[in-house]
Structure formats: C-alpha cells, structure tokens
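Student: Got a structure for you, written out below as structure tokens; questions coming shortly.
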Amino acid sequence: MSVGNPRHQRHVSLRILLAGLAALIMILPFVIMLSTSFKPQTFVLEMPPELIPSEPTTRNYREAWSGNSFAKYFANSLYVALSTTFVVLLLSSMMAYAFARFDFLGKRIVFVVLLAGLMIPGIITIVPAFVLAKNLNLLDSLNGLTVFYSGGMVAFMTFLLRGFFEKIPLALDEAMTIDGAGPVRRFFHLYLPLSRPALATAAIFTFLGAWDEFVWALTVINDPEKRTLPVAIAALQGQRATEWGLVFAASAIAVIPVIVVYVFAQRQFIAGVTAGAVKD
Amino acid sequence: MTMRRSSALAAALGLPLLLAACGTGGSGAQSSTEELPAGQKVEGEITFWHAYSEGGPEVTTLEEEVIPAFEKAHPGTEVKPVTVQYDQLHQKLVTAAAGESLPDVVRSDIIWVPELADLGVLVPLDQAMPDFEKLAEQTYDGPLATNKWQDSYYGLPLTTNTKVMLYNEQALDEAGVGVPETFDDLRASAPKVAETGNYLLAEADAAGWQVLPYIWSNGGDITDEDITTSDGYLNGPKSVEAVELLVDLYEQQALPKLILGGGGGTNTFEGLANGMYATIVDGPWAFPIIEGQFKDFEMKTAPMPHGDGESTSVVGGENLVITQASENKQLAAEFTRYMLSEEAQLAMAEAGQISVLESLSDKMVEIEPSYEEYMNQLQTARPRPPTPAWTKIDEIIRKQVQLAVRGDMTAQEAMDEAVAQIDPLLERG
Amino acid sequence: MAATATTTGPASPEVAAPAPAPRDSRKRRRESLTAYVFLLPGFALFCLIVAYPLARSFQISLYDWAVVPTQASRFIGLENYARGLADEQFWLSMANAGVYLLVTVPGQLVIGLALAVLLDAKMPARGLFRVLFYVPVITSWVVVALVFKYLFNTDAGVVNWLLVDVLHVADANIAWLQSRWPGLMAVSILGVWKGVGWAMVIFLAALTGVRDDLKEAAALDGAGAWDRFVHVSLPAIRKTLLFVTVLLVIGGFNVFISVLLMTGGGPAGSTEVPLTYMYRQAFDFLDFGYAAALSFLLAIVIMLVSYSQFRLFGGDEKEVD
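Residue numbers (my numbering), protein chains in the order written: chain A, 1 to 280; chain B, 1001 to 1429; chain C, 2001 to 2321.
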C-alpha cells in the first residue's frame, strides 16, 4: 500500500480523528482541574461551568506553594520517591539476576513466596507493619517510608526485570566468563547496561508508586513537616467545605512534574514494556 | 538503644503474639499512677495532638499565642503541637495506641475518652493530679462528665459546644413560613418550602450527632440511665416517632439526600447560604466559616425544634487527656492546667471555642454575640452515652436511620434492628 | 503496597526459567552461594516488610485481638472467619467489587485494545497520543478521585450539567455519589478512565510483536481488517490478554482510595468495597482480628479467581507456578 493512496489517507484521517476524540475525553478532567485551579471563587461551584476562567488568578498556587508549605511536601515526596527508586532498582536487579542466571537450592520456594506477596492486598498488613515500623524506629520518618515502599515493591520489580535478564543471550554471558569476569562484573558490565529499557520501566513504576502512595503515609506520618503530597492534598479536602481551587492547584503541583518525567522517559519506558510484555 | 534493637529483632523473628507483647510491654503500667502535683519545676518537651482546623484562627491562636505564653511562663519547656485532621484523628490515635507511640497530650473528642480509657492508654487524672478536684470544679458538669469512665476521670474538659438551628430567613420567607419551633411546624412547613424548590432542613449525616437531638427533643432516649440496654429506648415510641419525622421530611422532598451519606451533595453551609436549604442544625464553628466564605449572607439562629420533649441538643466538645505513654507527664499535667486557665480559655474563645469555665460564661457572649443561642441551648443539651462501644453504636444508628430514611424498612423495624445490634455491645461493656 | 505495584505495572508472570545445563556439584554449590549473595538483600527486605507482617496478620486473624499490646488478646481460632462468611455487609462489599470488576475489566480491555489497534499503525502524533492516554495512569489516585468527585457533584457537577443542560438526556440532576448504582458507576468510570492507558501500552507492545508477514499473508488471502484482527492479531496476543485480565481483576478487587474519597462507602454502606469495609473494621472499630480475617478471605477469593482464569483461558501452557 503506497502512502499516496487516497483511501489510505482517509484512513489515517479517521484514525487521527478517533484518537483525538479519545484523547480529549482522557484529558478533559485534567483541563477542568487546571481551569478550576485558576479560578478565584473557589467555594461555590458555578453553573454552567466555564472552561476558561473569566478572572484567572494564580492565588491558589501561591497559597498552596507557600501558605500551605507544598514546597516542603514536594521536596518530601521527591526525596522518598527518588530514594525508593534507587533502593528498589539495586535490590530487585540483583534478585532478578540471581533468578535469571543461577540455579540454587530453594529457588522455587523463594519464587513462590515472592509471588504470594504480590497476590495479597498490601493494606491488610498495615497494623503489623505499623508495629514493626515502630519497633524499627521508622515511624514518622521519610526514610521509614523509603524502607517500607522499597520492601513493598521489590518483589514486583524483580519479576519485571527477571524476564528481561533471561532474554540476554547466554552466549554473551559465557564469553565474559571465559574472559575471566566474575558474576559481579558480569552483573554490572553486561546485564545492567543491556537492560536499560527495563530498568527505566522499573524506575518509572517505582517512582510513581512511591510518589502516589497514600494510605501508608497517612498512617505513619504525624509531623506535618513530613507529609508527602497525596497526604497533604487529601488534607485540603475540608470536613465541611472544600476549597476546590486550592485542592486542584495543589494537585497540579503534584501531577505536572510526574508528567514531565514521563514524557522524557517514555521512549525507554515503551521499549521496556515491549520487551517485558511480548512473549507470545 | 540496644533494648530497642533487640525488641525489633524479636518482632522481626516473629515471636508469638503474646510473648512479643510482653517483650515490648515495659511502659504500659496501668497500676503505677505517678503523682502529678501542681507547681513542680518542669522542663523538656511534650507533643500535643489536636484537630483544631488548619488554616483557621484556632491553630494560629494556639501556636502563636497560647503555647508561646505557656513556654514563656515555664522556661526550658517546649510544646510541640501536631494538627491532625478531625476525620483522621481517631484512626491515628488507634494506630498509635497499637504501636505504643501516642503523644503526651491529646485534645480528644469527648466521645473517644471512654474508648481510650478502656484501652488503658490514658492516665486517670483524678488519681494522678492532687488538684484535680479544684480544676474540675471550675468547669460545667456536663462536659466534665464526659471524662468519666468506670470509676475514674481520665481527662479534663477543654471546650464545649452544641448545635442550634441556623436558618436562611429569605428562604423561609419565600415559602411563607416562619422559623420552625416544633416538629409540627417542621411538618407543616415542609410542603411549602418543597414547593419553592428548596429544602426545609438539611442534615449532613445520620449518625448520633445528627439524630439524637431529634430523639431527645421528642422525649425519647437511646439507652437506660446505666447504659446497659437500648431496648425500649432507641426503639421506644418517642424515638421511633422522631426518626419518622426525618423519614417523612425526606419523602416530602423537604430533607435532601445529604443525610444518606455518600458524596457530592451540596454541603450544608453552602446550601444554607444560597437558600437551597432553609435551615440546618450546626455548631458555633459555622459562624467563622460562613463569614469567611459567604460574605453577603446573614445567618440567624433559633433553638433546636422540639416534639413531645423539651428542645434538647447534643453536647460536643473536646477533652484534654494525658497518655500513659508520655515520658514527661509532669509537663503534660502542667500544660493541661494552663489550657484550663482563664487566660488560655479566653484566647481560644476569641478563636471560636466556647470555654468550659463557668466563670467565663458571661464573657462568652461579649466575645461573640452568636454564642448566646448556644449558651442557652447548652442548658439542656445532653452528651452522647459514654461507652467504649460508642463508635460502633454510632455507626449502627447511622446505618439504620439511613435505611429507614431511604425507605428500605420502617422506622420501627430499623430501630428494632439497631437495638438488636447495639445491646450485645453494651453487655460486653 | 504490593497491591499498588500490582495495579500499576506490567510484569510477565512467565515463570519456567531455562534450566541450566547440569554441572558438577562443586560448581553448583559455588553458584548457589553467588546467587544467595545477590538474592539476600532484596529478599531479606521483602521478608521483613511484606512476609513477616503478612504472617503476623494471619496470626492476628485468629485472635480477638486487643489493640494495645499491654492487654491480652484472646485466641478464638477461626471464629473471625466464620463471622466474615456470615457478614452480609462483607458480602455486599464483595458484590460491589464484582460490579466494579464487571464494568472496569471489560471496559479497560476493550477500550485499551481499541486504542492500541488505533495507535499500532503508523500515523502522525502517535507519540503524543500515547502520552495523553497514559497521563491518567501516572496520576495519583488521590488526585483523580478528588477530580472525579468534583465532576460528579450532584447539584453543580460538570457531568450532570452535560447530561441535563447540554445533552438533555436526563430531566433532573442525578445524585451520582449519593446512591448505590450511580455511585458504583461513577467509581467504575473512574477506574476505566484511569486504567485504559495502562492496558493500551501493554497491548501496543504485544501487537508490535505480531509478525507483519502473518498479517500480510492474511491480507493477500483477501481477509479484511476486522478478520485480520480477529484471526491473526487476537490469537497472537492471547497470552498478553490473559495476563492483562488477571492483573486487572486483582487490581479491581483492590479498589480502595477512589471509593474512600468519593462516596466513603455510603450511602448507608451501599457502595462499600472489601478494602473500605476492612479498613473501617480495623481503624474505626478497632476490630483488627476481624479485619485481618476479612482480608484473608478476600485474598482467597482473589487467588481462586486468578487461578480459575488461568485454568479456563490459559490453555495447557504452564503460566504460573
């Protein structure tokens, strides 16, 4: 089929139209969120809704950023998300390597234990986890969040990376071994560099998981100085009246950086998902 | 440090529950009540959890006026205030109790004190503070009584409040009805207001806080005096009649769906301000919020309407409690004393909190004229039954009333079912 | 937290590792040792943070558990489980989760697949569309739940405005979050909207792997686009379909924050889902033993459903250990 063919072109236009329509629906809630965040009158919902505010203001953003210390919450979330990503990538790639390229006693058991951990809703362990956090002196601490998020995500990322590691040709591994490279060197100089897309994917998932987590942070963080973004945003929803403009300004502060990061990383990400998902 | 690590290790190794409980147990000594006399030299640091609304005048006054004044009077001390959203405070307290990580002092909703006391995490203040009598005497009896569980007092009242009827005069005028004083007035006005497209009365939920005033004001009750049974009380004719009032109003479209819970309804303050709800029943905090958000609306107050009984509203408020986990109970007690002083109570009253000190009762109306209706209503207002099972009972009442309002069952059936669920909880104590 | 990860990521639960060639036992032992070194830090953390609390949670489920460690807990065996099985409200919450699954799983599968097919062929702005469809996936549940709560507001929500004032398909405002079925619908719509991008990305990846020569051969045989899709592409991505379905089902059972923030389980508990109910038992009523038992009942249901999906649709290939 040549590109110049009119039938083909009509086809492409139709596709773009459909995709555009779908995209519109997908982003409409965000558009409304953003539009509300720039509106001055924030308690009463106006009817009919206007998409472009008649008197746009950045007051909500200023109030969220400085008045409600969202700058601080942003930094907290960033710290937790980055440190979790680092810990999870390191530990899960090591585990994935062990699973993908070694045979060892108890492999099956360890594997099943990890898998079982994935099947059960994480929220059910919240009380024993809380007591554990207390005993480890990790309550009300950002590093505590990192430790628990990492523990919670390491199994899943191990599965993700293992599939990728297995596809790295054994021949390369053997060639390096013959050259005298030990397992550690092979891990750092063969497996990690060749798994960049998978690592990027795991990094995105881990980062997002830590950035967005709500329930555990709500449970263990008391000090307002140590709140993360989701906790702080939920706290803005008042008991008796919600200042929607403020809530959405704060939400935008939480969402936009994630989108930016995703846009930049998405090429790697797509490659990673493709490698992980295509196995038919 | 080593101790902590070893107990962490024990926990990590999964020692049996009870063993582990013993291992970490050192601090929960219910029997040893430390003496906390007044006028001791205090120093160090305490943490204070409260649910004063963030961003409002309450937190500002607390953090910029009250606590600094206390710290100035007691050099070398530091009070660390932690704001917890009201919705989350109960959960936070529970988890912290489970993890033995409660703060030193808590401003607790009056309804949680029996529950926390029953868990053994609170210091019995009447035994620990030699001057407890003296402090308690200055406060109103009603709020004080909410601190009692079994034979001890586990806290001191900090603030009190109640609910009165708040109305939008314009919305009532539009329907050609007066301010409802009785249940009959409510029934008579309902169709007229409904005709204008507005609602006569809005309730944001159907828990005890909302429903009990109707039951009491109709001469009904929840339980017997000793709180041993609800049979014959909650499902008695007077109580059921009160619930039927709500059901009828709902059916006549005079009471909005808001009472059923869920989300997305117009909240009571907004609805009242724009006339969609002609009346609501709410507390004194309504004034600063409405003034802040709806500048053109002038809210008026009236007593809680009544049926066969006297107009009776529900007592709300907060108590100060000191936890067993506190490592600086002397300072915690001293801070509690200060919070009950006229100085601190007046400052908080300016920020919207009605004082519990009888000596300040005249001053309250001077500070805020809108308090007058509340002070009157407080004369007859009653507390919710003090029992550790209250959160559960509250949930049962909420659900059963909602089922009746929704028309899933009659008010009588709903209340009978509520009694069947509540009585086993009361038996357990 | 494990659950959060499960719902956000595509992993391949393909298990059967290539069996390494048999080697002599000394080498094998050394290899085992190396593997343990790589395995240990991650597995130890997992055991501490996930496995230990899980075991402990099971233990709690057998007790009338006292919240405070200084009070004695009473061992009651399986009583909490029996109570759960007889608890109507719990089964109502399971039924609600079932409704949520019935809407969101097919919804995400069909729309996700449609979008993937749409973007599979070459077209302008493909990358842009891919990002736009994926944005809801990367946005936190707290934010999207609040946005949807705002959209579905009864008296002043955009959805009702569209339905009543613009499209005239409804006469009066629908009390979306104040009634059971509309409430479940609103929560489900959010679920679909948030999840389609994820399904799309995975399907897109799988479709890219469908060999072009197969499609071309089918085209030469005179098969239309639809036929080619049904007879070539769909069978080729069957395993991915199964895998996505299983993860969506697990994710659906774990619906929590959206319900908590949008309806709070109301009105009258009618939109309660298992996790909100469990959460309430634990943190409102301090009934941790019961909450733990409910969570294991839920876990059993999830495992049974996942297992039967593999049995029913997985063919005879071994997919999960």
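We treat Cβ as the ideally placed atom computed from N, Cα and C, and that holds for glycine.
Note that this is a predicted model, so its numbers are computed, not measured.
Report the three-state DSSP secondary structure of residue 2064/C (helix, strand or coil).
Tutor: Along the third sequence, one-based indexing puts residue 2064/C at 64. Strand.
Student: Residues bridged to residue 1300/B by DSSP?
Tutor: Here residue 1300/B corresponds to residue number 300 of the second sequence, with the count starting at 1. Answer by DSSP bridge pairing, in chain order: 1167/B.
Student: For residue 60/A, count neighbouring C-beta atoms within 10 Å of its own C-beta (all shown protein chains included) and say buried if the count is 16 or more, exposed if not.
Tutor: Here residue 60/A is taken as the residue at index 60 of the first sequence, counted from 1. With 16 or more other Cβ atoms within 10 Å, it is buried.
Student: Between which two residues does the beta strand (DSSP E) carrying residue 1278/B extend?
Tutor: As a first step, residue 1278/B is located in the second sequence; it is residue number 278 there, counting from the start. Unbroken beta strand (DSSP E) run through residue 1278/B: 1277-1282.
Student: Against chain B, does residue 2266/C count as a neighbour if the rule is that its beta carbon must be under 7 Å from one of theirs?
Tutor: Position 266 of the third sequence, counted from the start, is the residue given in the question as residue 2266/C. Yes - at least one Cβ of chain B is within 7 Å of the one on residue 2266/C.
Student: For the pair the region 2249-2262 of chain C and the region 2093-2105 of chain C, tell me if three or more CB-CB distances fall below 8 Å.
Tutor: yes
Student: For a contact meaning CB atoms closer than 8 Å, what does residue 125/A contact in chain C?
Tutor: Taking the first residue of the first sequence as position 1, residue 125/A is located at position 125. Ordered by position in chain C, the residues that pass the 8 Å Cβ test against residue 125/A are 2050, 2053, 2054, 2056 and 2057.
Student: Give the DSSP-derived three-state secondary structure of residue 109/A in the structure shown.
Tutor: On the first sequence, position 109 is the one that residue 109/A refers to. Three-state DSSP puts residue 109/A in a helix.
Student: Tell me whether residue 1355/B sits in a helix, a strand or coil according to DSSP, three-state version.
Tutor: Locating residue 1355/B in the second sequence gives position 355, counting from the first residue. Residue 1355/B: strand per DSSP, three-state reduction.
Student: On the three-state DSSP scale, how would you describe residue 1319/B?
Tutor: Translated into the one-based positions of the second sequence, residue 1319/B becomes position 319. Residue 1319/B falls in the strand class under three-state DSSP.
Student: Which word fits residue 1330/B, buried or exposed, when buried means at least 16 other C-beta atoms lie within 10 angstroms of its C-beta?
Tutor: Taking the first residue of the second sequence as 1, we reach residue 1330/B at position 330. By the 10 Å Cβ count, residue 1330/B comes out buried.
Student: Could you compute how far the alpha carbon of residue 270/A sits from the alpha carbon of residue 2204/C?
Tutor: The sequence position of residue 270/A within the first sequence is 270, counting from 1. The sequence position of residue 2204/C within the third sequence is 204, counting from 1. If I take the Cα positions, the gap works out to 9 Å.
Student: Among residues of its own chain, excluding the 5 on either side of residue 1119/B, which ones have a beta-carbon nearer than 6 Å to its beta-carbon?
Tutor: Mapped onto the second sequence, residue 1119/B falls at position 119. Excluding positions up to five away in sequence, the list reads 1097.
Student: Of all the CB atoms in chain C, is at least one closer than 7 Å to the CB of residue 1403/B?
Tutor: Here residue 1403/B is taken as the residue at index 403 of the second sequence, counted from 1. Output row for residue 1403/B: interface = yes.
Student: Shorter than 7 Å from the beta carbon of residue 2263/C to some beta carbon of chain A?
Tutor: Taking the third sequence and counting its residues from 1, one reaches residue 2263/C at position 263. Chain A, which has no Cβ nearer than 7 Å to the Cβ of residue 2263/C, makes this no.
Student: Please state whether the Cβ-Cβ distance between residue 80/A and residue 34/A is less than 7 Å.
Tutor: Here the question's residue 80/A lines up with position 80 in the first sequence. Here the question's residue 34/A lines up with position 34 in the first sequence. Not closer than 7 Å, so no.
Student: Given a threshold of 16 other Cβ atoms within 10 Å of its Cβ, counted over all protein chains shown, does residue 136/A qualify as buried or as exposed?
Tutor: The count along the first sequence starts at 1 and reaches residue 136/A at position 136. It counts as buried.
Student: What separation, rounded to the nearest whole angstrom, lies between the Cα atoms of residue 2228/C and residue 17/A?
Tutor: Here residue 2228/C refers to the residue found at position 228 when the third sequence is read from its first residue. Here residue 17/A refers to the residue found at position 17 when the first sequence is read from its first residue. The straight-line gap from Cα to Cα measures roughly 22 Å.
Student: Over the uninterrupted beta strand (DSSP E) stretch that includes residue 994/B, give me the two end residues.
Tutor: Nothing about residue 994/B can be reported from this structure: the residues present for chain B run from 1001 to 1429 only.
Student: Where does residue 1287/B fall in DSSP's three states?
Tutor: Taking the second sequence and counting its residues from 1, the one referred to as residue 1287/B is at position 287. Three-state DSSP puts residue 1287/B in a helix.
Student: If you measure from the beta carbon of residue 1091/B to each beta carbon in chain C, is any gap under 7 Å?
Tutor: Translated into the one-based positions of the second sequence, residue 1091/B becomes position 91. Chain C contact via Cβ: present.
Student: Kindly indicate which residue of 2046/C, 2128/C, 2038/C and 2078/C has the alpha-carbon position closest to the one of residue 19/A.
Tutor: Here the question's residue 19/A lines up with position 19 in the first sequence. Checking every option, the nearest Cα to that of residue 19/A belongs to 2128/C.
Student: Kindly say whether residue 168/A, judged by its beta-carbon, lies nearer than 7 Å to any beta-carbon of chain C.
Tutor: For the purposes of this step, residue 168/A is identified with residue 168 of the first sequence, where counting begins at 1. No - not a single Cβ of chain C is within 7 Å of the one on residue 168/A.
Student: Closer than 8 Å, Cβ to any Cβ of chain A: which residues of the region 1055-1085 of chain B, in chain order?
Tutor: 1055, 1082, 1083, 1084 and 1085
Student: Tell me which residues share the same chain as residue 1317/B and place their Cβ nearer than 6 Å to its Cβ, disregarding the 5 neighbours each side in the sequence.
Tutor: For the purposes of this step, residue 1317/B is taken as the residue at position 317 of the second sequence. Cβ neighbours of residue 1317/B beyond the five flanking positions: 1110, 1143, 1159, 1160 and 1161.
Student: Using Cβ-Cβ distances below 9 Å, what residues of the region 1107-1118 of chain B are close to chain C?
Tutor: 1115
Student: Mind pulling the chain B residues with CB within less than 7 Å of residue 219/A?
Tutor: Position 219 of the first sequence holds residue 219/A. Those are 1095, listed as they occur along chain B.
Student: If distances are taken between C-alpha atoms only, which option among 38/A, 29/A, 178/A and 105/A comes closest to residue 2030/C?
Tutor: Taking the first residue of the third sequence as 1, we reach residue 2030/C at position 30. The residue with the shortest Cα to Cα distance from residue 2030/C is 105/A.
Student: Reducing DSSP to helix, strand and coil, say where residue 1107/B ends up.
Tutor: The residue given as residue 1107/B occupies position 107 in the second sequence. Reduced to three states, the DSSP call for residue 1107/B is strand.
Student: Could you spell out where the beta strand (DSSP E) holding residue 2072/C opens and where it closes?
Tutor: In the third sequence, residue 2072/C corresponds to position 72, counting from 1. Unbroken run through residue 2072/C: none, as it is neither H nor E.
Student: Compare the C-beta of residue 1021/B against all C-beta atoms of chain A and say whether one is closer than 7 Å.
Tutor: As a first step, residue 1021/B is located in the second sequence; it is residue number 21 there, counting from the start. The pLDDT assigned to residue 1021/B is 35, lower than 50, so where the model puts this residue is not dependable, and the model offers no usable value.
Student: In the structure shown, what three-state DSSP assignment does residue 1202/B receive?
Tutor: Translated into the one-based positions of the second sequence, residue 1202/B becomes position 202. Strand at residue 1202/B.
Student: Does the separation of the CB atoms of residue 2291/C and residue 2084/C fall below 7 Å?
Tutor: Position 291 of the third sequence, counting from 1, holds the residue named residue 2291/C. Position 84 of the third sequence, counting from 1, holds the residue named residue 2084/C. The answer is no: Cβ separation not under 7 Å.
Student: Flag this pair as yes or no: are the beta carbons of residue 992/B and residue 1117/B separated by less than 7 Å?
Tutor: Past the boundaries of the shown model lies residue 992/B; chain B is included only from 1001 to 1429, so the question cannot be answered.
Student: With C-beta atoms as the reference, is residue 2305/C less than 7 Å away from residue 2100/C?
Tutor: As a position in the third sequence, residue 2305/C is number 305, starting the count at 1. As a position in the third sequence, residue 2100/C is number 100, starting the count at 1. Not closer than 7 Å, so no.
Student: Could you list the residues in the region 1374-1392 of chain B with a C-beta less than 7 Å from some C-beta on chain C, going in chain order?
Tutor: 1391 and 1392
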